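Structure record follows, encoded as structure tokens.
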Amino acid sequence: MLNLNQTITCIQSGQLDPESERDFLVVGSPRSILVYDVENNMDIFYKEVPEGVKVLTIGRLGKMGKPVVIAGGNCTIVGFDFQGNEVFWTITGDVVCSLALLDFDSDNFNELIVGSTDYDIRVFKDDEIMGELTETEAVTSLTPLQKTCFGYGLSNGTIGVYEKLQRLWRIKSKNKAITVFNYDIDGDGLDELIIGWSNGKVDGRNCRTGEVVFKDNFSSAVAGIVAGDYRLNGGRDLICCSVTGEVRGYQTNKVLRAPGRRVNYGHDAVRELFSKKQNLLLELSNYKESSNQAAEVVKAKIPMQTKLQCVVALNEKDLEKPHIDVTLFTNNDTVIRAVLVFCEGIFQGESHVLHPRDWELTRSVTVPITPVSNIPVDLHIKALIGQIDSTNFHLFELSRQLPRFAMLQLLKGKHEKPKSYSTFIVKERIQRIILWVNQNFLLQTEVTLAGLELELFFKALPTNKLVVFCVGSDNKITIFCDNMGLVGEITQSLANFLNVNDLEARAEFPNVEEKMKMLMHNMVELNEVRLQLSTDMASCLDSIRSHVIRIEDARIIEDVEGVLKWTTALATCNSDILKSYKVRNNNHEDLVKSLKQINKCIEQSSKLRVGKPQARLVELCRAAVKNNNVPAILRIFKTGIN
1 MLNLNQTITC
11 IQSGQLDPES
21 ERDFLVVGSP
31 RSILVYDVEN
41 NMDIFYKEVP
51 EGVKVLTIGR
61 LGKMGKPVVI
71 AGGNCTIVGF
81 DFQGNEVFWT
91 ITGDVVCSLA
101 LLDFDSDNFN
111 ELIVGSTDYD
121 IRVFKDDEIM
131 GELTETEAVT
141 SLTPLQKTCF
151 GYGLSNGTIG
161 VYEKLQRLWR
171 IKSKNKAITV
181 FNYDIDGDGL
191 DELIIGWSNG
201 KVDGRNCRTG
211 EVVFKDNFSS
221 AVAGIVAGDY
231 RLNGGRDLIC
241 CSVTGEVRGY
251 QTNKVLRAPG
261 RRVNYGHDAV
271 RELFSKKQNL
281 LLELSNYKES
291 SNQAAEVVKA
301 KIPMQTKLQC
311 VVALNEKDLE
321 KPHIDVTLFT
331 NNDTVIRAVL
341 VFCEGIFQGE
351 SHVLHPRDWE
361 LTRSVTVPIT
371 PVSNIPVDLH
381 IKALIGQIDS
391 TNFHLFELSR
401 QLPRFAMLQL
411 LKGKHEKPKS
421 YSTFIVKERI
431 QRIILWVNQN
441 FLLQTEVTLA
451 GLELELFFKA
461 LPTNKLVVFC
471 VGSDNKITIF
481 CDNMGLVGEI
491 TQSLANFLNV
501 NDLEARAEFP
511 NVEEKMKMLM
521 HNMVELNEVR
531 LQLSTDMASC
541 LDSIRSHVIR
551 IEDARIIEDV
561 EGVLKWTTAL
571 ATCNSDILKS
581 YKVRNNNHED
591 LVKSLKQINK
601 CIEQSSKLRV
611 GKPQARLVEL
621 CRAAVKNNNV
631 PAILRIFKTG
641 IN
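Mapped onto UniProt numbering, the consecutive letters of the sequence shown carry residue numbers 1 to 642.
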């Protein structure tokens, strides 16, 4: 039994020693990471991690020749080799929830896939971000699949599979996906996505289509899924465990098949035929009902030229809750009975139903939508349209996409520019930049070029901040805004559209600089307090050991007064050390919060650059934070170099 005297946040095992095939146990806690040799009952190394350890993975990363253990914490990812040397460090947007290693770009070297609580999936090639995906909830699980595919699970019960940056499929359940895993359960030579659910269900899905090929049920929630040679026969078995301790093992179906080909099991054919039968019976019953209600059918008829039209516009009149109005209307006297809108990440349950009362039926309906982040959103709309006195309606469908920066309103005229800005140069025609503007902002009329330069004024409705986008005749682009995170999002979107691989920038954000000064000052003070508390606790522990020995000596010589005296002193020391522990714990929480905000500022500043300059800024800031060099951090934020 191994006792760490700390809260265990995650555990992992794997081959870490390049000269041995033995597995080592890795334990993460809110303050440290421990690598333990189970067979020899000894510590390999112990390292303090101020940002905490939330999730672990072990494997080969990039061109590193040796295996590394990678720990994700509060906005940071750190890697250690077998000797405990820090060989990798980078930052991400929020608390890291999941990690996976995968050869993402088919170059025979693993990239790092990172899921975090800010709904993003990021792909790191060494310390550079080579891809970024935005989901609808925190990414709690990741697992590599064959080739360039990986599976994911979200905190809202959504699971799915991506091939590189292209989503293959996704489903959403009312239950939570506790874990996702990769295992070839049907013996076709390709891994399936194995999911353990909070209701005890375990199912395996084809990674290309999402079709269920295996399922089982536990009496309680699934705790975890692993694979290993449990029966010592050289094979790899799937092992599932529930929260009540029930463990089940599964082996790959022994029917050998060519990779990628399915076996037509009898029950699959029966299920498909039964489904066709049900559809035909339903269609037949609809025909019978229609023939029996001829009069009602006449009422349900609508003009052949009836169309469902859609207008999307910003609504800034609601000052408390600015939103986007999606207005649906018909081109004649028919009415809209109900509207169903499917949309990821905006509505709870990813759908919204609008059903006007009978006396409110009109030819138009407005659906308010409030995007929670700056990402493109696909709207799938279904509307029931018919005559006002009809009980049968026609179903109309249409799709619209909200652009990425739909909540930024284009303003007329000129306004005072904010003091904060980021400026960079791109070697691209200004017409291409205008094309990006028209595609990524919700505009009533398209932007056109009136001269050699472009100057656009926007208002970010959620924060009421002004954004000024300027393009000079010398290809110099300047974005004025007091929100550095928003400027970074605009920069990344533009660079991705123009296929820019490396981008330098110069930035001035006085509010962020003041915030960094305050955070660094707080971090220094908190570290000093932490060291003082550690010294005081060590002194208390020495006193406790001394008091225990004195109590034992007094007991042996039957000195009752001595026993009472030293017992009272021991109780006082014990009370003092408990108080010190609480203070130290609060100090650690404050330190973690400060580090998280510092890393968040570094991450936002890095997004003002692209490619190697972005990775270089993170590396330089890391060194400056370690040395408490505030002037260096501010210089790096401004210029990208020290």
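C-beta: ideal position from N, C-alpha, C; glycine also.
As the structure is a computational prediction, the values presented were derived from the model and not from experiment.
CA nearest to the CA of residue i, picked from the options
i, options, result
"E111", "R60, D81 and R248", "R60"
"D127", "L133, S399, I113 and A505", "I113"
"Q146", "G245, S155, D191 and E135", "D191"
"Q6", "G14, L16 and S29", "S29"
"L595", "I91, E316, R205 and S580", "I91"
"I58", "S546, R231 and D81", "D81"
"N527", "L408, L452, S575 and R584", "R584"
"F88", "E514, C207, K565 and T76", "T76"
"N74", "K600, R635 and A615", "K600"
"G84", "I33, D107 and F104", "I33"
"T391", "I302, L354 and A313", "I302"
"V512", "Q597, R357, A615 and N475", "Q597"
"S106", "K125, L99, C97 and V96", "K125"
"G93", "E619, S606 and I633", "S606"
Distance cut-off 7 Å: residue i Cβ against heavy atoms of the ligand MN
i, result
"T478", "The ligand MN is not part of the structure shown, which contains no ligands of any sort."
Boundaries (first-last residue) of the alpha helix (DSSP H) holding residue i
i, result
"M518", "P510 to I556"
"H588", "V560 to S606"
"V625", "K612 to K626"
"V437", "I430 to N440"
C-alpha distance - residue i paired with residue j, whole-angstrom precision
i, j, result
"Q166", "T306", "36 Å"
"K164", "C149", "6 Å"
"A495", "Y421", "17 Å"
"L531", "D184", "51 Å"
"N3", "D542", "22 Å"
"Y36", "A71", "15 Å"
"I425", "Q431", "15 Å"
"L25", "P18", "15 Å"
"V637", "L486", "The residue asked about is misnamed: residue 637 is Phe in this sequence, not Val. Near 16 Å, if we compare the C-alpha coordinates of L486 and F637."
"M518", "N587", "16 Å"
"L456", "F480", "10 Å"
"G160", "H521", "43 Å"
"N331", "M304", "11 Å"
"R550", "C573", "14 Å"
"N264", "V213", "Residue placement at N264 cannot be trusted, given a pLDDT of 46 that sits under 50; the coordinates are not used to answer."
"H352", "L328", "14 Å"
"V27", "Y46", "10 Å"
"I11", "W436", "45 Å"
"E344", "C621", "36 Å"
"A538", "D216", "53 Å"
"R122", "R208", "21 Å"
"G200", "L193", "16 Å"
"V38", "I239", "21 Å"
"E283", "L308", "26 Å"
"Y152", "K427", "37 Å"
Element boundaries [beta strand (DSSP E), containing residue i]
i, result
"M407", "Careful: M407 lies outside any beta strand (DSSP E) and carries neither H nor E."
"C97", "E86 to L102"
"R363", "Run containing R363: none; DSSP gives neither H nor E here."
Identity of the residues DSSP links to residue i by a beta bridge
i, result
"N217", "K201"
"S32", "E48"
"A313", "D325"
"F480", "Y421 and V468"
"Y162", "F150 and R167"
"A338", "L384"
"H394", "I385"
"I77", "G72 and T90"
"C240", "I225 and R248"
"Q15", "D23"
"D186", "Bridge partners of D186: none, in fact."
Between the stretch 113 to 122 and the stretch 169 to 183, can you find at least three pairs of beta-carbon atoms closer than 8 Å? The stretch 169 to 183, when compared against the stretch 113 to 122, does not touch it at the 8 Å Cβ threshold.
Taking one C-beta from the stretch 458 to 470 and one from the stretch 405 to 418 each time, how about it: are there three or more such pairs within less than 8 Å? Yes, they touch.
Within the chosen definition, does the stretch 358 to 377 reach the stretch 318 to 336 through at least 3 CB pairs nearer than 8 Å? Here the stretch 358 to 377 makes contact with the stretch 318 to 336; the two share three or more CB pairs at distances below 8 Å.
Would you check if there are 3 or more beta carbon pairs closer than 8 Å linking the stretch 180 to 189 to the stretch 127 to 146? Look at the beta carbons and you see the stretch 180 to 189 touching the stretch 127 to 146: at least three pairs across the two are nearer than 8 Å.
Taking 8 Å as the threshold, find out whether the stretch 312 to 328 comes into contact with the stretch 366 to 373 through three or more Cβ pairs. The stretch 312 to 328, when compared against the stretch 366 to 373, does touch it at the 8 Å Cβ threshold.
Taking one C-beta from the stretch 238 to 246 and one from the stretch 213 to 226 each time, how about it: are there three or more such pairs within less than 8 Å? Counting C-beta pairs closer than 8 Å gives three or more between the stretch 238 to 246 and the stretch 213 to 226, which meets the contact rule.
Using 8 Å as the threshold, is the stretch 62 to 70 in touch with the stretch 47 to 54, meaning 3 or more CB pairs across them? They do not touch, by the three-pair rule.
With three or more C-beta pairs closer than 8 Å as the rule, is the stretch 560 to 569 touching the stretch 623 to 632? No: fewer than three Cβ pairs fall under 8 Å.
Looking at C-beta atoms only, is the number of pairs between the stretch 495 to 509 and the stretch 601 to 616 that lie closer than 8 Å three or more? Yes, since at least three Cβ pairs between the stretch 495 to 509 and the stretch 601 to 616 fall closer than 8 Å, the two stretches touch.
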